[in-house]
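Residue numbers (my numbering), protein chains in the order written: chain A, 373 to 626; chain B, 1266 to 1342.
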């Protein structure tokens, strides 16, 4: 039986942190999906060899500091305006790989207009959408994506749909627009789901290189601090509740 | 029977003790330590190293990318 210390040697290495990811400790809470998705984007960029030509558009929200973690060029957009800024960057620098990275409070609330019109114009960009059903950074307020009955700091008794309406399924909306070429919903709570999300991200970047139009990768996520659960409990809660309203899978793939 | 033999190295300084790797491990290798790191988190460690098959599931789900995985070629047991 091989001893652990003999296994730990360079020739046996099968998984390590990609060099695109910087060594800074992420400010995210323990178990936050942002960290996993950052890592996947970094791995895809590394594997495609596009580190020098990729420009990310950071959002407002917890991921506002994403530029501290990925060793690529970044622009910082005003709240919700990442698709508009991505449009500008891609049109001025069409040879670059441009992606926006946004949460649900950013993409599906204040930035709905920018999101819809960028997708409708079929801007040749990748949009990464982290949907945890809550405004994480500002203290867990209700978002347009908060589930019916789901408690948040501004609706402690749960979302009342007679007052606040039903949560918006923005990806389904965007899939109907002719400008989008790829709209998918994934998650990142198990190894199998993380692999699928990575494949989806890779496909989105390849679509951009093939000038196909807008690709949107939604990642149903947790916010263990905002949901007031442990990271493992939050993953379980997400499986039981979020996936029923936000089913995983491709909505459009052309 | 040939079985892959693996091992992990956890960056205990960066680990935030979220426990996602513990539930992702198919062979129950990982546990959270009773001790804490500099930030007060119960970091992950290999409680049962002999069971590790080097499947990389823990590394893949780790949000802080603090797990490095090694896998030796299958040995006949």
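Glycine is no exception: its CB is placed at the ideal position from the N, C-alpha and C atoms.
Would you identify the three-state DSSP class for residue i, choosing helix, strand or coil?
i: residue 1336 of chain B; result: strand
i: residue 424 of chain A; result: helix
i: residue 456 of chain A; result: helix
i: residue 586 of chain A; result: strand
i: residue 605 of chain A; result: helix
i: residue 443 of chain A; result: coil
i: residue 1311 of chain B; result: strand
i: residue 520 of chain A; result: strand
i: residue 1275 of chain B; result: strand
i: residue 1269 of chain B; result: strand
i: residue 618 of chain A; result: coil
i: residue 1326 of chain B; result: helix
i: residue 625 of chain A; result: strand
i: residue 1294 of chain B; result: coil
i: residue 386 of chain A; result: strand
i: residue 1300 of chain B; result: coil
i: residue 491 of chain A; result: helix
i: residue 462 of chain A; result: helix
i: residue 482 of chain A; result: helix
i: residue 418 of chain A; result: helix
i: residue 381 of chain A; result: coil
For residue i, does the count of other Cβ atoms within 10 angstroms reach 16, so buried, or fall short, so exposed?
i: residue 1278 of chain B; result: exposed
i: residue 547 of chain A; result: buried
i: residue 581 of chain A; result: exposed
i: residue 1268 of chain B; result: exposed
i: residue 495 of chain A; result: buried
i: residue 474 of chain A; result: buried
i: residue 381 of chain A; result: exposed
i: residue 626 of chain A; result: exposed
i: residue 593 of chain A; result: buried
i: residue 561 of chain A; result: buried
i: residue 558 of chain A; result: buried
i: residue 524 of chain A; result: buried
In terms of DSSP beta bridges, what is residue i paired with?
i: residue 472 of chain A; result: A:429, A:499
i: residue 559 of chain A; result: A:592
i: residue 538 of chain A; result: According to DSSP, which records beta bridges pairwise, residue 538 of chain A is partnered with nothing at all.
i: residue 552 of chain A; result: A:586
i: residue 403 of chain A; result: Beta-bridge pairing links residue 403 of chain A to no other residue.
i: residue 581 of chain A; result: Residue 581 of chain A is not bridged to any residue.
i: residue 343 of chain A; result: Chain A is shown from 373 up to 626; residue 343 of chain A falls before or after that span and cannot be answered.
i: residue 514 of chain A; result: A:506
i: residue 393 of chain A; result: A:442
i: residue 611 of chain A; result: Paired residue(s): none; residue 611 of chain A is not in a bridge.
i: residue 448 of chain A; result: A:430
Step through the CB atoms of chain B and report whether any lies within less than 7 Å of the CB of residue i.
i: residue 411 of chain A; result: yes
i: residue 473 of chain A; result: no
i: residue 385 of chain A; result: yes
i: residue 603 of chain A; result: yes
i: residue 563 of chain A; result: yes
i: residue 404 of chain A; result: yes
i: residue 398 of chain A; result: yes
i: residue 571 of chain A; result: no
Leaving out five residues before and five after residue i in sequence, what residues of the same chain have Cβ atoms less than 7 Å from its Cβ?
i: residue 1302 of chain B; result: 1277, 1278, 1280, 1308
i: residue 1284 of chain B; result: 1297
Near residue i, what residues of its chain come up, given a Cβ to Cβ distance below 6 Å and the 5 sequence neighbours on each side ignored?
i: residue 446 of chain A; result: 428, 430, 439
Of all the CB atoms in chain A, is at least one closer than 7 Å to the CB of residue i?
i: residue 1310 of chain B; result: no
i: residue 1301 of chain B; result: no
i: residue 1325 of chain B; result: yes
i: residue 1284 of chain B; result: yes
i: residue 1268 of chain B; result: no
i: residue 1294 of chain B; result: no
i: residue 1277 of chain B; result: no
i: residue 1339 of chain B; result: no
i: residue 1319 of chain B; result: yes
i: residue 1289 of chain B; result: yes
i: residue 1298 of chain B; result: no
i: residue 1272 of chain B; result: yes
Just to confirm my understanding: we take residue i, look at its own chain, exclude 5 residues before and 5 after, and list those with CB closer than 8 Å. What are they?
i: residue 442 of chain A; result: 392, 393, 394, 410, 413, 414, 417, 428
i: residue 402 of chain A; result: 596, 603
i: residue 579 of chain A; result: 498, 553, 554, 585, 587
Heavy atom of the ligand MN less than 6 Å from the Cβ of residue i, yes or no?
i: residue 416 of chain A; result: In the structure on display, the ligand MN does not appear, and there are no ligands present to speak of.
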